[in-house]
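According to full-length UniProt numbering, the sequence shown holds residues 1 to 321 in order.
Notes to accompany the following structure.
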Amino acid sequence: MTDKTALILGATGGSGTAVAWALLARGWKIRALHRQPDDVRSQLPQATWFKGDALDSKAIVAAAEGASLIFHGVNPPGYKNWPKLVLPMLESTLAAARASGARIVLPGTIYNYGVGDGPLLSETTPQKPTTRKGAIRVELEERLRKASEKDGVKVLIVRAGDFFGAETKSSWFSQVMVKPGKPLRKLTYPGRASVGHAWAYLPDFAEAIAQLVAMESELGPFDCYHFRGYWFEPGVRIAEELRSVAGLPDLPIGSFPWWAIKALSPVVPFFREVSEISVFWKNSLCLDNTKLVARLGSEPQTPLPQALRDTLEGLGCLPVR
1 MTDKTALILG
11 ATGGSGTAVA
21 WALLARGWKI
31 RALHRQPDDV
41 RSQLPQATWF
51 KGDALDSKAI
61 VAAAEGASLI
71 FHGVNPPGYK
81 NWPKLVLPML
91 ESTLAAARAS
101 GARIVLPGTI
111 YNYGVGDGPL
121 LSETTPQKPT
131 TRKGAIRVEL
141 EERLRKASEK
151 DGVKVLIVRA
161 GDFFGAETKS
171 SWFSQVMVKP
181 GKPLRKLTYP
191 GRASVGHAWA
201 YLPDFAEAIA
211 QLVAMESELG
221 PFDCYHFRGY
231 WFEPGVRIAE
241 ELRSVAGLPD
251 LPIGSFPWWA
261 IKALSPVVPF
271 FREVSEISVF
281 WKNSLCLDNT
291 KLVARLGSEP
301 QTPLPQALRD
311 TLEGLGCLPV
321 R
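The following block contains the structure:
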């Protein structure tokens, strides 16, 4: 790839921040979009910031002019208004890709799948989502596929499990398992303790994307890869590993109050959205990274103790000694 300019949509979010840093390390020029860029410019001072939001197609088209990559890392905050916002956000990115010729990179999820699709999921596993979010994710990827086939838009999708890392701002790790800015007093594990669960360390995930886009000539016009990350089975082992890293072997590990979330979901829209995805914490779904390893030679993976320690330190959760 000759023109190494990338537009990061969602540059202040976890995946957007991580991908921006990974690309900067490889000599890319970074552009970013925000409704109030002056308020966030210091978070990524190396970027050229543009004013606008993910629904403003004209602003995104202007920001993407001359870019060869658009990272679509935007989602409605707090699971709000997914049906109304997710697809229009994508249409803005598609308009920019058509105008600039840039490849769209989408961080994918396991929501596309249903519990009967696993437990081991490859890129060719048929998708039979059992949640509304899953159906929206399938539609989102289908629109990308159609744009690739009809309009020649280049697409790269990299699917991963739940994110953790110092950059995580809105994730199960940073919003449920620990309390950012506070030393560990307890851990809360969201899933069924005995059921496996997939996690992706953001710097490793971002490095995989950076390596893939560096191989532009070897990518297909519509290409998809699965990032396995860390697979914990039983799933509660991530909490046990956190206790070890923090030097707190007796730290309590609590369970998530799914019963309360379900009871309140009819009257609290946010709880309704959260309750719907409880299925992914009660069933094992593991991503098969065979294709990714074949392409890159190996999947980027930081040693687990270092990844967990860096995450706790970055979130301000290590105990004071």
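C-beta atoms are modelled at their ideal positions from N, C-alpha and C, and glycine is treated no differently.
Quick one: what does DSSP say residue i is sitting in, helix, strand or coil?
i: residue 95; result: helix
i: residue 259; result: helix
i: residue 162; result: strand
i: residue 150; result: helix
i: residue 268; result: coil
i: residue 187; result: strand
i: residue 199; result: strand
i: residue 7; result: strand
i: residue 118; result: coil
What are the start and end residues of the beta strand (DSSP E) that includes residue i?
i: residue 23; result: Premise fails: residue 23 lies in the alpha helix (DSSP H), 14-24, not in any beta strand (DSSP E).
i: residue 109; result: Careful: residue 109 lies outside any beta strand (DSSP E) and carries neither H nor E.
i: residue 206; result: Here residue 206 belongs to no beta strand (DSSP E); instead the alpha helix (DSSP H) covers 202-213.
i: residue 223; result: 222-226
i: residue 128; result: Taken as a continuous stretch (DSSP letters only), residue 128 belongs to no beta strand (DSSP E), as it is neither H nor E.
Between the C-alpha atoms of residue i and residue j, what's the straight-line distance to the nearest angstrom?
i: residue 36; j: residue 53; result: 9 Å
i: residue 160; j: residue 63; result: 27 Å
i: residue 51; j: residue 33; result: 6 Å
i: residue 250; j: residue 169; result: 27 Å
i: residue 1; j: residue 7; result: Low confidence applies here, because residue 1 scores a pLDDT of 41, under 50, leaving its location unreliable; read the following figure in that light. Cα to Cα, residue 1 sits roughly 15 Å from residue 7.
i: residue 277; j: residue 239; result: 20 Å
i: residue 259; j: residue 279; result: 13 Å
i: residue 188; j: residue 173; result: 9 Å
i: residue 183; j: residue 84; result: 38 Å
i: residue 202; j: residue 42; result: 20 Å
i: residue 269; j: residue 116; result: 27 Å
i: residue 110; j: residue 20; result: 23 Å
So residue i is in the alpha helix (DSSP H); what residue range does that whole segment cover?
i: residue 314; result: 304-314
i: residue 280; result: 279-282
i: residue 288; result: Counting along the chain, residue 288 falls outside any alpha helix (DSSP H), and DSSP gives it neither H nor E.
i: residue 242; result: 237-246
i: residue 182; result: Segment: none, residue 182 is in no alpha helix (DSSP H) and carries neither H nor E.
i: residue 58; result: 57-64
i: residue 37; result: 37-40
Taking Cβ positions only, does residue i come closer than 9 Å to chain B?
i: residue 287; result: Within the model displayed, chain B is absent; a lone protein chain is all it includes.
Inspect the beta-carbon positions of residue i and residue j and report whether they are closer than 9 Å.
i: residue 242; j: residue 178; result: yes
i: residue 11; j: residue 17; result: yes
i: residue 153; j: residue 194; result: no
i: residue 265; j: residue 256; result: no
i: residue 145; j: residue 232; result: no
i: residue 181; j: residue 137; result: no
i: residue 87; j: residue 149; result: no
i: residue 147; j: residue 98; result: yes
i: residue 318; j: residue 246; result: yes
Residue i: beta carbon under 8 Å from a heavy atom of the ligand PLP?
i: residue 137; result: Of ligands this structure carries none, so the ligand PLP is not represented either.
Three Cβ pairs or more, each shorter than 8 Å: is that satisfied between the segment 199-217 and the segment 20-34?
Yes, they touch.
With a cut-off of 8 Å, do at least 3 Cβ pairs link the segment 119-126 to the segment 59-77?
No, because fewer than three Cβ pairs between the segment 119-126 and the segment 59-77 fall closer than 8 Å, the two stretches do not touch.
Are the segment 199-210 and the segment 129-139 in contact at 8 Å, needing three or more beta carbon pairs?
At 8 Å Cβ cutoff, the stretches do not touch.
Within the chosen definition, does the segment 226-244 reach the segment 279-298 through at least 3 CB pairs nearer than 8 Å?
The answer is yes - the segment 279-298 touches the segment 226-244, with three or more Cβ pairs under 8 Å.
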